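Trainee:
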Amino acid sequence: MPNYWVVGAMWGGSDDQKDAFVRRGYWELGWADADQPAQAARRDQIAPGDRIAIKKMLGQGATDIEIRALGVVREVDEAKRVYVDWLVPSLQRQVPIKGCMQSIHGPFAPDDPWTREVFQL
């Protein structure tokens, strides 16, 4: 059974990588592993067949995030780049934030109502 991941695409708070990720067919963590070991450890759990969603924060104090793209992980290479088949490359779906304020969150269970809200096609 696949795991479900919610990831960010903003590097340094203002450098939006979403379009490049979708165009090039991948996602990668915008932090050095040594700077964010917990985030790197979470990324290292992503596997082929997992589902992935790019999210965007909606500002200080917001209770929702915006889901911007949905895909299926195809491969994770030795450099830890996550290759993705972006099934829905452009989306503007608001969902409750559910604590997803860092670069990567998950794994989420497929039968959770929030997961279904994020990943429904």
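If you count by our numbering, then the sequence shown holds residues 10 to 130, one letter each, in order. Built from N, CA and C at the ideal position, the CB exists for glycine as well. Because the structure is a prediction, the values reported are computed rather than measured.
Between which two residues does the alpha helix (DSSP H) carrying residue 46 extend?
Mentor: Locating residue 46 in the sequence shown gives position 37, counting from the first residue. Per DSSP, residue 46 belongs to the alpha helix (DSSP H) from 46-52.
Trainee: If you follow the alpha helix (DSSP H) that residue 122 is in, where does it begin and where does it stop?
Mentor: As a first step, residue 122 must be located in the sequence shown, where it is residue number 113. Residue 122 -> alpha helix (DSSP H) spans 122-128.
Trainee: If you draw a straight line from the alpha carbon of residue 91 to that of residue 35, how long is it in whole angstroms?
Mentor: Along the sequence shown, read from residue 1 onward, the residue named residue 91 stands at position 82. Along the sequence shown, read from residue 1 onward, the residue named residue 35 stands at position 26. Those two C-alpha atoms are separated by around 5 Å.
Trainee: Going straight from the alpha carbon of residue 100 to that of residue 68, what length do you get?
Mentor: Within the sequence shown, residue 100 is the residue found at index 91, counting from 1. Within the sequence shown, residue 68 is the residue found at index 59, counting from 1. The straight-line gap from Cα to Cα measures roughly 18 Å.
Trainee: To which residues of the same chain is residue 20 closer than 8 Å at the C-beta, ignoring the five residues directly before and after it?
Mentor: Numbered from 1 along the sequence shown, position 11 holds the residue referred to as residue 20. Excluding sequence neighbours, residue 20 sits near 26 and 39.
Trainee: Could you name the residues of the same chain whose beta carbon sits closer than 8 Å to that of residue 85, not counting the 5 residues immediately before and after it, in chain order?
Mentor: Here residue 85 is taken as the residue at index 76 of the sequence shown, counted from 1. These residues qualify, in order along the chain: 55, 56, 57, 91 and 92.
Trainee: Output the boundary residues of the alpha helix (DSSP H) element that contains residue 65.
Mentor: The residue given as residue 65 occupies position 56 in the sequence shown. Looking at the DSSP string, residue 65 is not in any alpha helix (DSSP H); the run it does join, the beta strand (DSSP E), is 60-66.
Trainee: Go through its chain and collect everything with a Cβ distance to residue 98's Cβ below 7 Å, but skip five positions before and after it.
Mentor: Start at 1 with the first residue of the sequence shown, and residue 98 comes out as number 89. Same-chain partners within the cutoff: 31 and 78.
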